[in-house]
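In what follows, a structure is listed as structure tokens, so that the remarks can point back to it.
Protein chains: 2
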Amino acid sequence: MSNIRRVGTMTAAVEDYLKTIFLLSTRGEPVTTGALARELHVSSPSVSAMMKRLSDGHLVDRGTGVHLTEQGVREALRVVRRHRLLETFLAQSLGMSWDEVHVEAELLEHALSERLEARIDAALGHPTRDPHGDPIPPAAGAHDESWGRPLAGTPSGSRFRVERVSDRDSAALRYLGEKGIRPGFVLEVGDQEPYGGSFMVRLGGEQIALGQVLTHLVFGTIIEEES
Amino acid sequence: MSNIRRVGTMTAAVEDYLKTIFLLSTRGEPVTTGALARELHVSSPSVSAMMKRLSDGHLVDRGTGVHLTEQGVREALRVVRRHRLLETFLAQSLGMSWDEVHVEAELLEHALSERLEARIDAALGHPTRDPHGDPIPPAAGAHDESWGRPLAGTPSGSRFRVERVSDRDSAALRYLGEKGIRPGFVLEVGDQEPYGGSFMVRLGGEQIALGQVLTHLVFGTIIEEES
DNA sequence: CGGATGAATTAGACATGTCTAACATCCGGC
DNA sequence: GCCGGATGTTAGACATGTCTAATTCATCCG
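Protein chains in written order, with the working numbering: chain A, 1 to 227; chain B, 228 to 454.
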């Protein structure tokens with residue numbers, strides 16, 4: 001039966017590839033056979049074969065690396081939308097924490113019907129951000145996937161508004177969540193301790209030391225002081 | 228990647244077959260190659276091939292017709308549990324009607340992780356019945372799948388408590404729902420109009436005429452008059 | 001008893017998606 | 001200018017799950 005399969009060539013595997021290509025390229029990373037293999041936990045030949053299929057189906061172009069065609073972007077955005085709506089829904093309706101929702105959404109995103117997607121969207125009041133601050137692509141219309149700047153390298157003394165936190169490392173997410181570092185909050189940036197030490201920030205009067213890795217997972221903007 | 232796949236031999240297709248065998252046999256219908264092909268919308272040879280696989284995996288025995296082994300029942304109940312929990316969850320959290328939830332649960336049931344299943348179960352307060360009145364198998368322990376008696380053939384003048392309504396015909400479900408015929412409600416049974424006419428029942432002062440087909444979709448028990 | 005009928009299986013093909021092993025290609029350094 | 005390593009592709013195999021066409025098998029009826 002394979003209830004999972006959708007119209008045309010969209011299968012769960014195809015959706016995963018398209019989504020991953022989209023996310024890699026919007027993160028500014030090179031989209032190569034090797035990168036996709038690493039990301040999707042498959043072998044390089046598997047990626048090669050799939051790229052051939054996607055290319056035949058006019059979902060990707062292959063020049064230097066791989067990039068999505070217009071139609072490929074459209075399909076990728078559909079998957080990303082379902083993923084982020086599900087994350088938001090699971091957090092809202094079941095109180096799941098932001099480090100748990102990603103894995104679950106990963107499983108469910110290929111099995112979400114259009115109808116259920118619409119119902120969830122409506123029930124949530126047409127949200128524009130998921131729990132990590134990632135923008136939810138609209139059902140139709142333009143989408144902005146920009147990441148802002150990473151916390152790493154932010155000059156001491158500036159005020160930094162957290163906008164997105166990468167959902168790739170679930171343990172790091174839990175840790176950051178416990179410290180209160182979530183989208184919408186503003187950090188007072190302190191000093192980078194020397195020789196790869198902690199990055200000091202202040203949030204609501206509390207001093208927080210963040211390891212190198214964490215500062216590359218938090219994105220946002222520097223708030224200009226008005227005076 | 229195929230995120231859908233589970234441990235061992237449990238795939239979405241295997242789960243569908245096991246579930247269907249379980250449901251057919253608990254409805255008292257013969258579980259034959261043909262019946263499964265009809266039910267699952269696949270060809271007979273497909274069923275033959277799958278029965279060989281399930282038989283090799285000790286999930287079914289093949290004598291006269293097919294029946295589940297102990298392990299087969301266990302796996303089938305896991306799928307049925309996920310399906311009915313999902314139906315209940317979708318009805319509760321999104322206000323979906325009982326004629327919509329079946330189709331959606333059908334899609335999601337193969338992608339539900341153990342963790343999410345447990346979260347949903349807890350959030351719903353460990354429900355024992357889905358919106359159609361179908362019993363939700365417990366995570367561990369005995370399960371009773373009995374159907375009670377059909378409304379069809381209930382003698383005039385008796386009082387009939389609705390316990391389950393078959394979810395197989397979505398349009399019929401919607402119709403019955405509009406008339407107020409749902410699990411828990413008690414009907415005063417009237418006459419069967421002759422020559423295959425309507426079956427008359429009374430619910431909360433209102434007279435309802437039910438076509439033949441409907442009376443075979445509603446199950447429950449006759450309430451003994453006390454006096 | 002013999003043939004028609006229907007149900008089930010076997011045979012063979014195909015699509016999807018994965019793997020390992022072998023080959024190709026390209027690019028930097030000497 | 002050539003060699004070695006990284007990167008990518010081809011070749012070939014396998015698992016899953018489906019299909020159609022052909023065959024077997026049982027059964028019922030005249």
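Note that beta-carbon positions come from the ideal geometry of N, C-alpha and C, so glycine has one too.
Treat the numbers as computed from the prediction; the structure is a model and nothing was measured.
Legend entry - Three-state secondary structure assigned by DSSP to V241 of chain B: Helix, per DSSP.
Inset, instruction - Name the two residues that bound the continuous alpha helix (DSSP H) containing G34 of chain A. - result: T33 to L40 is the extent of the alpha helix (DSSP H) around G34 of chain A.
Inset, instruction - Taking only beta-carbon positions, decide if S25 of chain A is within less than 8 Å of chain B. - result: Not closer than 8 Å to any Cβ of chain B, the Cβ of S25 of chain A fails to qualify, so no.
Legend entry - Neighbour flag for A171 of chain A against chain B, beta carbons, 8 Å: Chain B, which has no Cβ nearer than 8 Å to the Cβ of A171 of chain A, makes this no.
Inset, instruction - Determine, using beta-carbon pairs with one atom in the stretch 252 to 271 of chain B and one in the stretch 199 to 216 of chain A, whether at least three such pairs fall under 8 Å. - result: At 8 Å Cβ cutoff, the stretches do not touch.
Legend entry - Any C-beta of chain B under 8 Å from that of L108 of chain A: With its beta carbon less than 8 Å from one in chain B, L108 of chain A belongs to the interface.
Legend entry - Under 9 Å by beta carbon: chain A residues contacting A350 of chain B: Taking a Cβ-Cβ threshold of 9 Å, the residues of chain A close to A350 of chain B are S93, L94 and G95, in chain order.
Inset, instruction - Along the beta strand (DSSP E) that carries D396 of chain B, what are the first and last residues, could you check? - result: No beta strand (DSSP E) holds D396 of chain B; DSSP gives it neither H nor E.
Legend entry - Neighbour-count burial assignment, T221 of chain A, 16 or more Cβ in a 10 Å radius: Answer is exposed; the Cβ neighbour count stays below 16.
Inset, instruction - Work out the CA separation of K19 of chain A and H58 of chain A for me, nearest whole Å. - result: Looking at the backbone, the Cα of H58 of chain A and that of K19 of chain A are separated by about 15 Å.
Inset, instruction - For the alpha helix (DSSP H) holding S77 of chain A, just list the boundary residues, first then last. - result: Per the sequence shown, residue 77 of chain A should be read as Leu rather than Ser. That run of the alpha helix (DSSP H) goes E70 to L94.
Inset, instruction - Please check if any C-beta of chain A sits within less than 8 Å of the C-beta of R301 of chain B. - result: R301 of chain B does not count as touching chain A.
Legend entry - Min CB distance A338 of chain B to chain A below 8 Å: So yes, A338 of chain B belongs to the interface.
Legend entry - Nearest-angstrom Cα separation, counted from D121 of chain A out to R386 of chain B: Computed Cα separation, rounded: 43 Å.
Legend entry - Own chain residues within Cβ distance below 6 Å of H310 of chain B, not counting five before or after: For H310 of chain B, where only same-chain residues beyond five positions count, the Cβ hits under 6 Å are A332 and E336.
Legend entry - Beta-carbon neighbours of L116 of chain A, restricted to chain B and to distances below 7 Å: Neighbours of L116 of chain A in chain B, taken as residues whose beta carbon is under 7 Å from its own, are E331 in chain order.
Legend entry - Three-way DSSP call (helix, strand, coil) for A209 of chain A in this model: Reduced to three states, the DSSP call for A209 of chain A is strand.
Inset, instruction - Identify, in the order they occur along the chain, each residue of the same chain with its Cβ nearer than 7 Å to the Cβ of M10 of chain A, setting aside the five sequence neighbours on each side. - result: E75, listed in sequence order.
Legend entry - Whole-angstrom distance between G322 of chain B and V101 of chain A, CA atom to CA atom: So the two alpha carbons sit approximately 22 Å from each other.
Legend entry - Short Cβ contact (8 Å threshold) for L85 of chain A with I21 of chain A: Not in contact: L85 of chain A and I21 of chain A (Cβ atoms no closer than 8 Å).
Inset, instruction - Would you grab the beta carbon distance between G360 of chain B and E390 of chain B for me? Rounded to a whole angstrom, and I think it's under 8 Å. - result: Contact between G360 of chain B and E390 of chain B holds, since their C-beta atoms are separated by about 5 Å, short of 8 Å.
Legend entry - Pair within 8 Å by beta-carbon distance, D61 of chain A and G177 of chain A: It is not a contact, given that the beta carbons lie outside the stated cut-off.
Inset, instruction - Tell me whether T448 of chain B sits in a helix, a strand or coil according to DSSP, three-state version. - result: Residue state, collapsed to three classes: strand.
Legend entry - Nearest to L304 of chain B (by Cα), restricted to the options B:E266, B:V241, B:R342 and B:L441: Nearest option by C-alpha distance: B:V241.
Legend entry - Proximal chain B residues relative to R119 of chain A, where beta-carbon distance stays under 9 Å: Result: L317, L321, G322, M323, E327 and E331.
Legend entry - Whether P131 of chain A touches T88 of chain A by CB criterion (8 Å): Against a cut-off of 8 Å, the Cβ pair of T88 of chain A and P131 of chain A comes out as a contact.
Legend entry - Cα-Cα separation, G180 of chain A to S93 of chain A: Straight-line Cα distance between these residues: approximately 21 Å.
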